[in-house]
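Colleague:
Protein chains: 2
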Amino acid sequence: MIDPAVLEELVAALPGRVSTTATDLAQYSRDQGPVLRETLPVAVVRARSVEDVQILLQWATRHDVPVVSRGAGSGVSGGAHATTGCVVLSLELMDRIVEISPDDEIAVVEPGVVNADLNAAVAQHGLMYAPDPASYRWSTIGGNVATNAGGLRCAKYGVTRDSVLALDVVLADGTLVSTGHRTFKGVAGYDLTALMTGSEGTLGVIVGITVRLRYLPQAVHTLAAFFDDFPQAAAGVLAIGRARVQPSILELLDGRTLEALDGAHGSDLRRRGGSLLLVQTDGYGAGAEADAIRGALIGLGAVISEEGSEEAERLIDLRRHSRGDEVDDLYRVGEDVAVPKSQLVPYVAALEDMARRHGVKLKVVAHAGDGNLHPTFWVERSEGPQAQERLESALDESVQRALDLGGTITGEHGVGQYKRRWLAWEQSPEVLDLQARLKQVFDPSNILNPGKAIVS
Amino acid sequence: MIDPAVLEELVAALPGRVSTTATDLAQYSRDQGPVLRETLPVAVVRARSVEDVQILLQWATRHDVPVVSRGAGSGVSGGAHATTGCVVLSLELMDRIVEISPDDEIAVVEPGVVNADLNAAVAQHGLMYAPDPASYRWSTIGGNVATNAGGLRCAKYGVTRDSVLALDVVLADGTLVSTGHRTFKGVAGYDLTALMTGSEGTLGVIVGITVRLRYLPQAVHTLAAFFDDFPQAAAGVLAIGRARVQPSILELLDGRTLEALDGAHGSDLRRRGGSLLLVQTDGYGAGAEADAIRGALIGLGAVISEEGSEEAERLIDLRRHSRGDEVDDLYRVGEDVAVPKSQLVPYVAALEDMARRHGVKLKVVAHAGDGNLHPTFWVERSEGPQAQERLESALDESVQRALDLGGTITGEHGVGQYKRRWLAWEQSPEVLDLQARLKQVFDPSNILNPGKAIVS
Ligand SMILES: Cc1cc2nc3c(=O)[nH]c(=O)nc-3n(C[C@H](O)[C@H](O)[C@H](O)COP(=O)(O)OP(=O)(O)OC[C@H]3O[C@@H](n4cnc5c(N)ncnc54)[C@H](O)[C@@H]3O)c2cc1C
Ligand SMILES: Cc1cc2nc3c(=O)[nH]c(=O)nc-3n(C[C@H](O)[C@H](O)[C@H](O)COP(=O)(O)OP(=O)(O)OC[C@H]3O[C@@H](n4cnc5c(N)ncnc54)[C@H](O)[C@@H]3O)c2cc1C
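Going line by line, the protein sequences match chains A and B.
So the first sequence is numbered by my numbering: it starts at 51 and just counts up by one.
So the second sequence is numbered by my numbering: it starts at 51 and just counts up by one.
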């Protein structure tokens, strides 16, 4: 596939960084998303410095070799899947926290820093890095920025983009550029930082990140509210909104998810209700906010756990890991649509109806405060290709319905490779074309993660 | 300048929308920023619909006529100044609030809606549109988006970009595109919404805006803290940060500003202190937060107004209008740098030193929670050109010093026309070039607000 002499040139230019062992090629060939066509990279490069990345990209430009950037590989859209003839560039060893400035309330990190590690390091200064994807113990800040990751407490604190101030980016030809500013505000020139955020490795390789930190909350209150069924719990989300109280976390779990948690952890959640709403408030007003929310939910018939914050916090922890039990494949696909909040109830009803009609299994968790749902559809592998077709039909319908209700195909996971087939359902030919032309500005030879994030 | 037949074609295509009266040409020739070279537009078009805008841009593309978009003309960087041979496109008559969805917590507006009008309309639903530039009673949402405006309560709620979900944009050739989504989160494709936000009319004309609304706070507490001098008040900003309490408003006024307010309103602020810090907390925790802040500031020797929230709120209202007393010109220039918070104290000291050395007058207000300062430098017009040169030197030095401290040339007002000379001090040739190439993607014939926002 690749000319051995070309590969030799890379090995010589980046001694000790390049691997072509079968184990590495396999391990770095995919993320957690469904694999449409198994593909191995021609090599894996574990960069240790910005210069490493520049050398790789200069080489890649010279020889027209695709480069797939990779953080922890926790993505679920196939954004980090290897593509034909590519080198996978792993940033995981660039994992230094370069600076924490407690007075400026910012941190500067290399891309491979794991989200949880950054949070642990800044906590001693009374600070936190707010965006907390459920994969926070594992995913990297570079990957979080490249996907514009959401998370649990994004309901209150916003998504990754809202916490990124500046980026160092290596462009396709190896040029290093810096975007943004160390200050919280800044409007000099176009917002290249926001453009890079969420670009899934297709516009440049993120090699340095300046983030804004937030204050660790002075107090935290957590509620677990059980409802008879999922639509009622979704109505609870709206009731909290109508009470005009802003929780920091608002997670919705359906009965099937409760069953799965019971199975894995020996709990009795499903017995206590057909659906669970987990609510966290934080800050100086946390107690009063929790009271207001309790009032709104009890009015709807919710049963609030009497075990108090402790059990509820344990449940949030379980929720953070409730997705990790299984890896997606072509028989089990986790979705990531978002709908306007008012559409949560009808959308959830539509999902249940779809699952029934297509004969597929369904469980749903949602970052409900943002209207961002993660339905997982699955069929038994033993049922074979016909079942898989039913699964595809259910997926397509669930995405189309979300769009019909004013939603989006992806709230936080990114288009990656797997969701490209739906992008044109959401965006007009003119918008798709604009994006293809932006891509050309940054990556004229299309070597950066080709076939991902946009359609061109 | 413009071929009369070409202008006739426009008048015929947009009956009743085109004005060439001397009054209109003069009135629409400039915003509130310093004018480098007086220039009149060849016509003013007051659009009433998206179609009007499309027709204008098709015509402009056909005849290669520059188009300067304009909201209220409250900008202070010359972004809406007329340029040679241009048509000024006023969006002020497109002022319909198209939709308020209290459950989705969003509003859809035309670009000419005035910020305060949107806030008044959503308040009855317990909601607010958070970004509140001091010009909020006057400036338009379209202009706010085009400049990515900041404001007072942005310390807590973020800048305009953080509240914009979706845009309708007419491109240079008249094509209408929609970016973004009605949902709070969404990562499908590149973030064109963020790219448009702050692009100052150089990438497209914003004709529709979907904004996220926030909850009107359940309670508000306001403190007025007087300090002996400005550096001490700036130290107070840091102390609040170190207490890890997030105010919604944190405004800093120096002695000269207090004198100006006293002069205008008959108050005795300057007698009570050499500098004033105005602090607002909001939400369920407002009272406890205000207490924590009071504690931190008294420890620094601040005298907190005993007249309570009421006086402080009146002062915030005065602050909102403290910039509007005078229009900038070449003898009086308001700056808009931002520095990392830890640099507020040294930067303020440096500013005072500069003013002394260059023999110019200085007063400063700051959105201190964001490190965003508005020093106004001025000289007496009667002192003539030499004084003006001293002013220019002071301006240049103040901008360079902000950059040296890790800051930016513009925190919220935009580069416009006036700040272009400083842009290359902040951004590398590679970044400037990327922006020029992005501009080309959107506006290949360079008819959209040429000579603004970027250097090319
Ligand atoms: C159990 C589980 C829970 C999850 N929960 C959430 C959640 O709550 N919210 C959420 O948003 N996501 C969630 N995810 C998805 C995933 O964790 C996020 O997308 C995360 O941001 C990916 O980070 P990563 O370091 O693993 O990146 P990877 O998966 O390695 O890469 C993701 C994408 O970014 C690109 N990329 C990575 N690093 C760079 C870089 N330095 N420069 C340029 N491009 C780069 C890759 O090419 C790829 O396109 C979850 C995943 C799992 C498995
Ligand atoms: C007293 C006073 C206080 C101020 N306080 C603040 C403050 O606190 N924070 C802050 O950020 N700014 C502040 N400003 C500056 C100014 O009010 C803001 O920049 C505001 O956002 C401009 O809105 P506008 O409708 O007046 O736009 P204009 O001044 O008319 O235009 C501003 C820029 O946006 C472009 N533009 C306008 N409308 C559109 C559109 N629909 N599509 C495309 N481009 C468009 C114009 O071409 C121009 O480049 C203040 C100004 C004054 C005079």
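From the three backbone atoms N, C-alpha and C, an ideal C-beta is built for every residue, glycine too.
To which residues of the same chain is L327 of chain A closer than 6 Å at the C-beta, ignoring the five residues directly before and after it?
Modeller: A275, A283, G286 and L302
Colleague: Start and end of the alpha helix (DSSP H) containing I366 of chain B?
Modeller: G358 to R370
Colleague: Could you give the DSSP three-state label for T272 of chain B: helix, strand or coil?
Modeller: strand
Colleague: Let's see if you can read the secondary structure: which residues bound the alpha helix (DSSP H) around R406 of chain A?
Modeller: L394 to H408
Colleague: Just the C-alpha distance for E88 of chain A and L177 of chain A, rounded to the nearest angstrom, thanks.
Modeller: 42 Å
Colleague: Under DSSP, the beta strand (DSSP E) around K502 of chain A begins and ends at which residues?
Modeller: It is not in any beta strand (DSSP E) - K502 of chain A carries neither H nor E in the DSSP assignment.
Colleague: What residue range does the alpha helix (DSSP H) around P281 of chain A cover?
Modeller: F280 to R292
Colleague: Quick one: Cα of P479 of chain A to Cα of S448 of chain B, how far?
Modeller: 46 Å
Colleague: So, does the CB of P494 of chain B fall closer than 8 Å to a CB anywhere in chain A?
Modeller: no
Colleague: Look at the Cβ atom of H417 of chain B, then the Cβ atom of S359 of chain B, and state whether they are nearer than 8 Å.
Modeller: no
Colleague: Give the interface partners of I504 of chain A over in chain B, defined as CB-CB distance under 8 Å, in chain order.
Modeller: Chain-ordered, the chain B residues with CB closer than 8 Å to the CB of I504 of chain A read G239 and Y240.
Colleague: For Q467 of chain A, verify whether its CB is less than 7 Å away from any heavy atom of ligand 2.
Modeller: Taking non-hydrogen atoms of ligand 2 into account, the C-beta of Q467 of chain A is found less than 7 Å away from none of them.
Colleague: Label W475 of chain B either buried or exposed according to how many other C-beta atoms from any shown protein chain fall within 10 Å of its C-beta, with 16 as the threshold for buried.
Modeller: A residue is called buried once 16 or more other Cβ atoms fall within 10 Å of its Cβ, and W475 of chain B, having fewer, is exposed.
Colleague: In the stretch 227–238 of chain B, which residues sit with their C-beta less than 8 Å from some C-beta in chain A, listed in chain order?
Modeller: V227, S228, T229, H231, R232, T233, F234, K235, G236, V237 and A238
Colleague: Closer than 8 Å, CB to CB, is S478 of chain B near chain A or not?
Modeller: Yes, because at least one Cβ of chain A sits closer than 8 Å to the Cβ of S478 of chain B.
Colleague: Could you list which residues in chain B have their beta carbon closer than 7 Å to that of K391 of chain A, in chain order?
Modeller: D153, D154 and E155
Colleague: Please list the partners that S249 of chain B has in chain A, where partner means a Cβ-to-Cβ separation under 7 Å.
Modeller: Y240
Colleague: Please list the segments of the beta strand (DSSP E) lying wholly inside the stretch 117–142 of chain B, counting only runs of 3 or more residues, in order along the chain.
Modeller: 117–120 and 137–140
Colleague: Taking only beta-carbon positions, decide if Y265 of chain B is within less than 8 Å of chain A.
Modeller: yes
Colleague: So which residues on chain B does R146 of chain A lean against when the C-beta distance must stay under 8 Å?
Modeller: Within chain B, no residue comes near R146 of chain A; the closest Cβ sits about 20 Å away, beyond 8 Å.
Colleague: Who are the Cβ neighbours of V505 of chain A in its own chain at under 7 Å, not counting the five residues just before and after it?
Modeller: R470, L473, A474 and L482
Colleague: Under a CB-based cut-off of 8 Å, is I459 of chain A close to chain B?
Modeller: By this cut-off, I459 of chain A is an interface position.
Colleague: Buried or exposed: where does M404 of chain B fall if 16 or more other Cβ atoms within 10 Å of its Cβ makes it buried?
Modeller: buried
Colleague: Answer yes or no: do I191 of chain B and V219 of chain B have a C-beta to C-beta separation smaller than 8 Å?
Modeller: Going by C-beta atoms, I191 of chain B is not nearer than 8 Å to V219 of chain B.
Colleague: For the candidate residues A:I259, A:I52, A:S325 and A:A244, whose alpha-carbon lies nearest to that of I354 of chain A?
Modeller: When only C-alpha atoms are compared, the closest one is A:S325.
Colleague: Would V118 of chain B pass as a contact of L139 of chain B if the rule is Cβ separation under 8 Å?
Modeller: yes
Colleague: Output yes or no for whether 8 Å exceeds the beta carbon distance between A503 of chain A and E309 of chain A.
Modeller: no
Colleague: Can you name the start and end residues of the alpha helix (DSSP H) that I191 of chain A belongs to?
Modeller: I191 to T197
Colleague: Who are F427 of chain A's beta bridge partners in DSSP?
Modeller: DSSP, once it has assigned bridges, lists A:V383 and A:L412 as partnering F427 of chain A.
Colleague: Taking only beta-carbon atoms, is T197 of chain A less than 8 Å away from chain B?
Modeller: Yes - at least one Cβ of chain B is within 8 Å of the one on T197 of chain A.
Colleague: When you compare the CB of E462 of chain A with every CB in chain E, is at least one pair closer than 8 Å?
Modeller: Chain labels in this structure do not include chain E; the protein chains are A and B.
Colleague: Does ligand 1 have a heavy atom nearer than 7 Å to the CB of Q82 of chain A?
Modeller: yes
Colleague: Just checking S189 of chain B against ligand 2 - is the residue's beta carbon closer than 7 Å to any of the ligand's heavy atoms?
Modeller: Taking the Cβ of S189 of chain B as the reference point, at least one heavy atom of ligand 2 falls within a distance shorter than 7 Å.
Colleague: Is the stretch 202–220 of chain B touching the stretch 204–212 of chain A, taking contact as three or more C-beta pairs under 8 Å?
Modeller: yes
Colleague: For G236 of chain A and G457 of chain B, what's the separation of their Cα atoms in angstroms?
Modeller: 9 Å
Colleague: Which residues of chain B have a Cβ atom closer than 9 Å to the Cβ of V491 of chain A, listed in chain order?
Modeller: Going along chain B in sequence order, the residues near V491 of chain A (Cβ under 9 Å) are L484, R487, L488, Q490 and V491.
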